[in-house]
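J.: Each residue of the sequence shown is one higher than the one before, counting from 18 in my numbering. Ideal Cβ placement from N, Cα and C applies to all residues, glycine included. Okay, handing you the structure first.
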Amino acid sequence: MTSDTVTIRPDGIKLYQSKDFEPMHRAGRLAATALDMLVPHVQPGVTTEFLDDLVLDFALAHDATPAPLNYRGFPKSICTSINHVVCHGIPGPKPLKNGDVVNIDVTLVVDGWHGDTSRMFCVGDISRRAERLIAVTHECLELGMAAVKPGVKTGAIGAAIQAHAEAQRCSVVKDFCGHGLGRAFHERPNILHYGTQEEGVLIEEGMFFTIEPMINLGKPSVKVLADGWTAVTRDRQLSAQFEHTIGVTTDGIEVFTRSPAGMECPPYRLKAA
Ligand code: MF3
Ligand code: CO
Ligand code: CO
18 MTSDTVTIRP DGIKLYQSKD FEPMHRAGRL AATALDMLVP HVQPGVTTEF LDDLVLDFAL
78 AHDATPAPLN YRGFPKSICT SINHVVCHGI PGPKPLKNGD VVNIDVTLVV DGWHGDTSRM
138 FCVGDISRRA ERLIAVTHEC LELGMAAVKP GVKTGAIGAA IQAHAEAQRC SVVKDFCGHG
198 LGRAFHERPN ILHYGTQEEG VLIEEGMFFT IEPMINLGKP SVKVLADGWT AVTRDRQLSA
258 QFEHTIGVTT DGIEVFTRSP AGMECPPYRL KAA
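Structure representation (structure tokens):
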């Protein structure tokens with residue numbers, strides 16, 4: 018068999034081999050390291066265009082390429098989604114200001130494999146409401162990941178996320194979803210962040226996909242701005258998102274995009290050495 022052997026299910030979902038976990042760990046780790054690298058730079062007065070440049074330089078210095086650049090016409094290397102921007106914000110010349118919360122989404126391609134991850138960053142001092150939304154959204158991602166194991170359906174992920182978000186009086190964005198990935202940026206299946214355990218497709222060992230819940234303080238509805246990318250909440254209330262890339266194992270998952278520096282979610286409680 019060639020080194021590119023993958024099983025493709027009748028529904029088109031790829032099941033990767035155990036040897037494919039190692040290159041996914043390398044791609045995922047590099048993407049997570051790029052986010053770690055950004056932490057000290059996310060400050061009032063800094064432009065998202067500058068953060069974009071930092072990630073492009075970081076990628077090139079590590080023989081990686083940013084997957085978003087020129088993807089379906091996307092003009093930049095990362096997505097920067099500030100406050101009421103839900104996702105796919107385009108880096109630009111406007112400086113960050115005290116109190117902003119920003120999702121930074123990095124996807125790096127390393128030796129042809131994709132690592133896709135995003136986190137929330139706080140600019141200076143943020144509101145209690147923003148702090149709470151960020152904590153709830155991060156919990157949603159962790160609960161979604163904890164629901165993944167062979168034999169359950171992808172709906173278990175959405176059910177876990179929706180239950181937690183709504184118990185915390187937040188809402189789940191329905192217009193965007195997680196996705197399979199590997200040698201391609203976006204593959205089957207779609208991973209919905211809402212629904213029931215009976216919905217979706219059967220999870221099997223060797224599946225690689227992202228979970229990337231977008232959670233709102235207000236109503237779930239979004240619209241895309243005239244630039245064709247920037248998705249915002251219609252009620253202009255805050256939205257937050259976290260994303261990891263995972264691989265399904267015999268009895269659970271491996272997370273490819275854990276923060277090597279332990280900076281998964283602000284406020285950072287770094288372990289003492
Ligand atoms: N990284 C995003 C995701 O999680 C996709 C960004 S596509 C882009 O799937 F073109 F907007 F960059
Ligand atoms: Co993604
Ligand atoms: Co992403």
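Can you list, in chain order, the residues of its chain with a C-beta nearer than 8 Å to that of K240? Leave out the 5 residues immediately preceding and following it.
T.: Looking up residue 240 in the sequence shown gives position 223. So the qualifying residues of the chain are A248, V249 and R251.
J.: Please decide whether T266 counts as near chain C, where near means a Cβ-Cβ distance under 8 Å.
T.: No chain C appears in the structure shown, which is made up of a single protein chain.
J.: Taking the Cβ atom as the reference point for each residue, do A164 and A177 lie within a distance shorter than 8 Å?
T.: Counting from one through the sequence shown, the residue named residue 164 turns up at place 147. Counting from one through the sequence shown, the residue named residue 177 turns up at place 160. Yes. Within cutoff.
J.: Between which two residues does the alpha helix (DSSP H) harbouring Q179 extend?
T.: Here residue 179 is taken as the residue at index 162 of the sequence shown, counted from 1. Q179 -> alpha helix (DSSP H) spans G172 to A184.
J.: With a 10 Å radius around its C-beta and 16 neighbouring C-beta atoms as the bar for buried, classify I99 as buried or exposed.
T.: As a position in the sequence shown, residue 99 is number 82, starting the count at 1. I99 is buried by the Cβ-count criterion.
J.: Hey, F226 and H196: beta-carbon distance below 8 Å or not?
T.: The sequence position of residue 226 within the sequence shown is 209, counting from 1. The sequence position of residue 196 within the sequence shown is 179, counting from 1. Yes.
J.: Output the distance between the C-alpha atoms of V190 and S238, rounded to the nearest integer angstrom.
T.: Along the sequence shown, read from residue 1 onward, the residue named residue 190 stands at position 173. Along the sequence shown, read from residue 1 onward, the residue named residue 238 stands at position 221. When rounded, the distance between both Cα atoms is 7 Å.
J.: Mapping DSSP to helix, strand and coil, what is F138?
T.: What you label residue 138 is simply residue 121 of the sequence shown in a count that begins at 1. Looking at F138 - three-state DSSP - the assignment turns out to be strand.
J.: Just how far apart, CA to CA, sit F259 and C187?
T.: Within the sequence shown, residue 259 is the residue found at index 242, counting from 1. Within the sequence shown, residue 187 is the residue found at index 170, counting from 1. Approximately 15 Å between the Cα atoms of the pair.
J.: Short check: CB of M137 to CB of P284, under 8 Å?
T.: What you label residue 137 is simply residue 120 of the sequence shown in a count that begins at 1. What you label residue 284 is simply residue 267 of the sequence shown in a count that begins at 1. Not a contact, by the Cβ cut-off of 8 Å.
J.: Please state whether DSSP places T19 in a helix, a strand or coil.
T.: Here residue 19 is taken as the residue at index 2 of the sequence shown, counted from 1. Summary for T19: the model assigns pLDDT 47, below 50, so the residue's position carries little reliability; its value from the coordinates is reported in the next sentence. T19 falls in the coil class under three-state DSSP.
J.: Take I220 as the anchor and find which of E183, V169, A201 and L150 has the nearest alpha-carbon.
T.: Position 203 of the sequence shown, counted from the first residue, corresponds to residue 220. Ranking E183, V169, A201 and L150 by Cα distance to I220 puts V169 first.
J.: Mapping DSSP to helix, strand and coil, what is T65?
T.: Translated into positions along the sequence shown, residue 65 becomes position 48. Residue state, collapsed to three classes: helix.
J.: Below 8 Å, can you find three or more Cβ-Cβ pairs linking the stretch 117-129 to the stretch 32-39?
T.: No: the two stretches stay apart, fewer than three of their Cβ pairs being nearer than 8 Å.
J.: What I want to know is whether the C-beta of R89 ends up closer than 7 Å to one or more non-hydrogen atoms of ligand 5.
T.: Summarising the ligand content, the structure contains ligand 1, ligand 2 and ligand 3 and does not contain ligand 5.
J.: Using CA coordinates, which residue listed in A44, R89 and I30 is at the minimum distance from F273?
T.: Here the question's residue 273 lines up with position 256 in the sequence shown. Of A44, R89 and I30, the residue nearest in Cα terms is A44.
J.: Are the Cβ atoms of T134 and H261 separated by less than 8 Å?
T.: For the purposes of this step, residue 134 is taken as residue 117 along the sequence shown, with counting starting at 1. For the purposes of this step, residue 261 is taken as residue 244 along the sequence shown, with counting starting at 1. Yes.
J.: Under the assumption that I232 contacts L150 (Cβ atoms under 8 Å), give the Cβ distance between them as a whole number of angstroms.
T.: As a position in the sequence shown, residue 232 is number 215, starting the count at 1. As a position in the sequence shown, residue 150 is number 133, starting the count at 1. Their Cβ separation, rounded to whole angstroms, is 7 Å, which keeps I232 and L150 in contact under 8 Å.
J.: In chain order, what residues of the same chain lie with their CB nearer than 8 Å to the CB of M280, ignoring the 5 residues before and after it?
T.: Position 263 of the sequence shown, counting from 1, holds the residue named residue 280. Here the set comprises L52, D53, V56, R136 and L287.
J.: Within a Cβ cutoff of 7 Å, which residues of the same chain sit near G141, ignoring the five residues on either side of it in sequence?
T.: Locating residue 141 in the sequence shown gives position 124, counting from the first residue. Same-chain partners within the cutoff: P61, N115 and G116.
J.: What does a CB cutoff of less than 6 Å around E216 pick up in its chain, not counting 5 residues either side in sequence?
T.: Translated into positions along the sequence shown, residue 216 becomes position 199. Closer than 6 Å at Cβ, skipping near neighbours: G172.
J.: In whole angstroms, what separates the C-alpha of T19 from that of V118?
T.: Along the sequence shown, one-based indexing puts residue 19 at 2. Along the sequence shown, one-based indexing puts residue 118 at 101. Confidence at T19 is low in this model, with a pLDDT of 47, below 50, so the placement of that residue should be treated as unreliable; the coordinate-derived value is given next. Cα to Cα, the separation comes out at about 46 Å.
J.: Would DSSP call L125 helix, strand or coil?
T.: Position 108 of the sequence shown, counted from the first residue, corresponds to residue 125. L125: strand per DSSP, three-state reduction.
J.: Given the structure, does H105 come close to ligand 1, in the sense that its CB is under 7 Å from one of the ligand's heavy atoms?
T.: Position 88 of the sequence shown holds residue 105. Within the cutoff, so yes.
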